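Novice: Once you've had a glance at the structure underneath, I'll fire off some questions.
Number of protein chains: 2
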Amino acid sequence: MAMGEKTGARVTIRDVSREAGVSIKTVSRVLNKEPYVRKATREKVAAAVARLNFRPNLAARSLAGRRSHQIALICDNPSPYYVYEMQLGVRDRCAADGVRMIAQPYDRDSPRLIADIEALLDETHVDGVILTPPVTDDAAVLAMLARRGVRHVRVSPGDDDTSAPATLIDNEGASAAMTAHLLALGHRRIGFIAGHPSYAASHQRQAGHARALAEAGVAFDPALVRTGDYGFGSGAEQAAALLALAEPPTAIFASNDEMAAGVLAAAHRLGVRVPEALSVAGFDDSALAGFVWPPLTTVRQPVRELAYQAADLLLASDPEADPERRAVAYELVVRGSTAHLAG
Amino acid sequence: MAMGEKTGARVTIRDVSREAGVSIKTVSRVLNKEPYVRKATREKVAAAVARLNFRPNLAARSLAGRRSHQIALICDNPSPYYVYEMQLGVRDRCAADGVRMIAQPYDRDSPRLIADIEALLDETHVDGVILTPPVTDDAAVLAMLARRGVRHVRVSPGDDDTSAPATLIDNEGASAAMTAHLLALGHRRIGFIAGHPSYAASHQRQAGHARALAEAGVAFDPALVRTGDYGFGSGAEQAAALLALAEPPTAIFASNDEMAAGVLAAAHRLGVRVPEALSVAGFDDSALAGFVWPPLTTVRQPVRELAYQAADLLLASDPEADPERRAVAYELVVRGSTAHLAG
DNA sequence: TTGTACGCGTTATCAA
DNA sequence: TTGATAACGCGTACAA
Chain E
1 MAMGEKTGAR
11 VTIRDVSREA
21 GVSIKTVSRV
31 LNKEPYVRKA
41 TREKVAAAVA
51 RLNFRPNLAA
61 RSLAGRRSHQ
71 IALICDNPSP
81 YYVYEMQLGV
91 RDRCAADGVR
101 MIAQPYDRDS
111 PRLIADIEAL
121 LDETHVDGVI
131 LTPPVTDDAA
141 VLAMLARRGV
151 RHVRVSPGDD
161 DTSAPATLID
171 NEGASAAMTA
181 HLLALGHRRI
191 GFIAGHPSYA
201 ASHQRQAGHA
211 RALAEAGVAF
221 DPALVRTGDY
231 GFGSGAEQAA
241 ALLALAEPPT
251 AIFASNDEMA
261 AGVLAAAHRL
271 GVRVPEALSV
281 AGFDDSALAG
291 FVWPPLTTVR
301 QPVRELAYQA
311 ADLLLASDPE
321 ADPERRAVAY
331 ELVVRGSTAH
341 LAG
Chain F
344 MAMGEKTGAR
354 VTIRDVSREA
364 GVSIKTVSRV
374 LNKEPYVRKA
384 TREKVAAAVA
394 RLNFRPNLAA
404 RSLAGRRSHQ
414 IALICDNPSP
424 YYVYEMQLGV
434 RDRCAADGVR
444 MIAQPYDRDS
454 PRLIADIEAL
464 LDETHVDGVI
474 LTPPVTDDAA
484 VLAMLARRGV
494 RHVRVSPGDD
504 DTSAPATLID
514 NEGASAAMTA
524 HLLALGHRRI
534 GFIAGHPSYA
544 ASHQRQAGHA
554 RALAEAGVAF
564 DPALVRTGDY
574 GFGSGAEQAA
584 ALLALAEPPT
594 AIFASNDEMA
604 AGVLAAAHRL
614 GVRVPEALSV
624 AGFDDSALAG
634 FVWPPLTTVR
644 QPVRELAYQA
654 ADLLLASDPE
664 ADPERRAVAY
674 ELVVRGSTAH
684 LAG
């Protein structure tokens, strides 16, 4: 690799100190918002910084200090939409603190996951790490981070472990709310398509569905529950199976939007009209909901806010305090794919 | 912000030099693949590096040397799928060289774009930058990079400027291929929905469509060409207009998949059957194509490969040589949304 | 082919 | 409240 040469004279902290007529250390104090700097001095320095357009060299800060002013976002690929929204949320919170986000996309099942993360930590000395599913539940990764004493926040963890802070939505409650909505529309035979069993959310969402049925006193029919893998194809497949039942459901609730889109495809192919003959609902995990026909009724998970809160827990929370679990509100978005049961 | 404390003793180059029984500088030589190191020495050092699991501190390398071993990927949000695929492609190429990718998502119309990028450059001293649309065509950004002498590569530029290397697909050719495909299916009245005029690709794709018609000797009917904005809603809207014509088209070619999904929605709503009464085609820009019904016939743009090639131009190309424009092959994917014209 | 001395730009320590 | 000086971990220049 032969890269371009360094560009000419960059502005350094020394230039600022000269411009402001103070020592280097005092400039450093202002940059780091340390106490014990006279207000007049602080303003003088701030003015010089602005005048020279000075921006501290992160490499030097990291090398000299205890902080790198960078945090890492470890994410893989449930859906590009999810990953990207996570990045935006974390970035927004970081920007407020002048911290840089290092987004690191990983392949779900890379055997080098741990080694890659360790390399990241050693090379960049990030101040903290944000984990998203499914890495958020990876025991080996969590153990490694704990062993190295790296601060981390888990997004949507699948357990109740409280050794690290976390952000999440109430998956069970959200799912129960959707089933309650379908019941309120008059549906009594509701098909449910669960997601891949390796995801914690999958079980939580199924539990919420069952709970809502129980609370409404509607008998639970095991034939109406099928398991998919969160993929479009599995949604179509399981929907076809449900629609082939002797007593088919009048509504199908899929655990995510890709599977719900699959349900729509199956319905279209089989000539079952949505929403007249079949209501379809899902979770808006990949932003498909508005791009299919008819638009899906979904539970919207505010991914960007989950990310923002996670970054906030990393940047603003007291590292000494007990790890906090911060819940974020979901939203039930009703669209044209569901309707009151006719008759 | 109060971050966790640094974890205990990290392995440094000095530890490696002791372990290998050579000087620090020799270890450095091996790490940087410099010549003039005896093979035996090189192997001894490599063994020590592996044994101690040594990973050089990027901050120190950046501070001491002329390279930071990092490159930046500047991207905004045409589609999360696009951004994420870009990140994966760049990451893969970087990994091969031990370079770290800094992915920086930006909001399309942030007024602070230039300032943010300059801050990135000053803080991280990245060795190079990869630009994606629409920043890839932002004159102010390009001028700034040139002024500062920052190496950069443009993905899918809208002009023929050769001052910087670039990767791209032949949008016009791809579009012509799709129209030729529809013509081969027997369609003669083909509706075309252009994308937002501010994107260069939008014009290129429209030109390709027109060229294919001309080459086939099919008369061009201006009433069949409408302009959308690359969004789902605009696709539905323009499709409705096309289908309301006295002589409606038998096929509609939208400039991207979101608009094509909108076309499907409009067709469904109006009771026009796809593909029996209407063939629908688009460009697979956001990975929607397989999630709608029926699945869209599209031109697939290999985003990941575009990204990989861009990173390759940054990392492996001779900075002194004339900037290269590297074309990547597109693919025409025929799915259930198009069919031979009946009768 | 290998090693020594120095400096990169910032923060930490300690003194003033 | 401020400043001098020593690190931080590595690459560069030059000497051996």
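Going down the list, the protein sequences come from chains E and F. With my numbering applied, the first sequence corresponds to residues 1 to 343, in that order. With my numbering applied, the second sequence corresponds to residues 344 to 686, in that order. Cβ atoms here follow ideal geometry from the backbone N, Cα and C, with glycine treated the same way. All values reported here derive from a predicted model rather than from experimental measurement.
1) So the candidates are E:212, E:252 and E:204; which of them puts its Cα closest to the Cα of residue 224 of chain E?
2) Should residue 414 of chain F and residue 657 of chain F be called a contact, given that it needs their Cβ atoms to be closer than 8 Å?
3) Do residue 90 of chain E and residue 310 of chain E count as a contact pair if the criterion is CB distance below 8 Å?
4) What would DSSP say about residue 152 of chain E, mapped onto helix, strand or coil?
5) Counting only beta-carbon atoms, is residue 122 of chain E nearer than 8 Å to chain F?
6) Measuring only the C-alpha atoms, how far is residue 53 of chain E from residue 491 of chain F?
7) I'd like to know whether the C-beta of residue 421 of chain F is nearer than 8 Å to at least one C-beta of chain E.
8) For a cutoff of 8 Å on Cβ pairs, would you count residue 265 of chain E as touching chain F?
9) What residues from the segment 124-135 of chain E come within 9 Å of chain F, judged by C-beta to C-beta, listed N to C?
10) Could you name the residues of the same chain whose beta carbon sits closer than 6 Å to that of residue 647 of chain F, not counting the 5 residues immediately before and after it, in chain order?
11) Hey, which unbroken runs of the alpha helix (DSSP H) at 4 residues or more fall wholly within the segment 251-317 of chain E?
12) Compare the C-beta of residue 58 of chain E with all C-beta atoms of chain F and state if any pair is closer than 8 Å.
13) Where residue 288 of chain E and residue 601 of chain F are concerned, what is the direct C-alpha to C-alpha distance, given to the nearest angstrom?
14) With which residues is residue 333 of chain E paired in a DSSP beta bridge?
15) Does the distance from the C-beta atom of residue 261 of chain E to that of residue 232 of chain E stay below 8 Å?
16) Work out the CA separation of residue 354 of chain F and residue 361 of chain F for me, nearest whole Å.
17) Write down the C-beta distance between residue 160 of chain E and residue 327 of chain E rounded to the nearest angstrom, noting that I regard them as a contact closer than 8 Å.
18) Listing by chain order, which chain F residues have their CB less than 7 Å from the CB of residue 290 of chain E?
19) What residue does the alpha helix (DSSP H) around residue 423 of chain F start on, and which one ends it?
20) Residues of chain E with CB under 7 Å from residue 462 of chain F, in chain order?
21) Given that a residue counts as buried once 16 or more other Cβ atoms are within 10 Å of its Cβ, and exposed if not, what is residue 505 of chain F?
22) Suppose the cutoff is 8 Å on Cβ atoms and the five residues either side in sequence are ignored; what does the same chain contact list for residue 22 of chain E look like?
23) So residue 83 of chain E contacts chain F; which residues on that side make the cut at Cβ distance below 9 Å?
24) If we count the other Cβ atoms within 10 Å of its Cβ and call it buried at 16 or more, is residue 683 of chain F buried or exposed?
25) Out of curiosity, what's the CA-to-CA distance linking residue 589 of chain F and residue 685 of chain F?
26) Taking 8 Å as the threshold (C-beta atoms), are residue 194 of chain E and residue 227 of chain E in contact?
27) Under a Cβ-count criterion, where at least 16 other Cβ atoms within 10 Å of its own Cβ denotes burial, should residue 8 of chain E be classed as buried or exposed?
28) So the candidates are E:49, E:120 and E:239; which of them puts its Cα closest to the Cα of residue 254 of chain E?
29) Around the C-beta of residue 563 of chain F, are 16 or more other C-beta atoms found within 10 angstroms, so that it is buried, or is it exposed?
30) Can you say whether residue 375 of chain F is buried or exposed, counting buried as having 16 or more other CB atoms within 10 angstroms of its CB?
31) Just the chain E side, please: which residues come within less than 7 Å of residue 611 of chain F by C-beta, in chain order?
32) Extract the residue ranges of the alpha helix (DSSP H) inside the segment 137-215 of chain E, only unbroken runs of 4 or more that lie entirely within it.
33) Is residue 55 of chain E helix, strand or coil by DSSP?
34) Does residue 668 of chain F come out as helix, strand or coil in the three-state DSSP assignment?
35) Between the alpha carbons of residue 61 of chain E and residue 487 of chain F, how many angstroms are there, rounded?
36) Give a yes or no on whether the minimum CB-CB distance between residue 604 of chain F and chain E is below 8 Å.
Specialist: For this structure:
1) Nearest Cα to residue 224 of chain E within the set E:212, E:252 and E:204: E:252.
2) It is a contact, given that the beta carbons lie within the stated cut-off.
3) yes
4) strand
5) Yes, contact with chain F.
6) 15 Å
7) no
8) yes
9) 124, 125, 127 and 128
10) 428, 431 and 432
11) List check, alpha helix (DSSP H) in window: 257-270 and 303-315.
12) The beta carbon of residue 58 of chain E falls within 8 Å of a beta carbon belonging to chain F, placing the residue at that interface.
13) Taken atom to atom, the span from the alpha-carbon of residue 288 of chain E to that of residue 601 of chain F is near 10 Å.
14) E:298
15) yes
16) 11 Å
17) Taking a contact as a CB-CB distance under 8 Å, the pair residue 160 of chain E and residue 327 of chain E does not count as one, their CB atoms being some 13 Å apart.
18) 575
19) 423-440
20) 55
21) exposed
22) 41, 44 and 45
23) 423, 426, 427 and 430
24) exposed
25) Rounded to whole angstroms, residue 589 of chain F and residue 685 of chain F show a C-alpha spacing of 19 Å.
26) yes
27) Confidence at residue 8 of chain E is low in this model, with a pLDDT of 47, below 50, so its placement is unreliable and the value that follows should be read with caution. That one is exposed.
28) Comparing Cα positions, the closest option is E:239.
29) exposed
30) Per the 10 Å Cβ criterion, exposed.
31) 293
32) 139-148 and 171-184
33) Residue 55 of chain E falls in the coil class under three-state DSSP.
34) In the displayed model, residue 668 of chain F falls within a strand according to three-state DSSP.
35) 25 Å
36) yes
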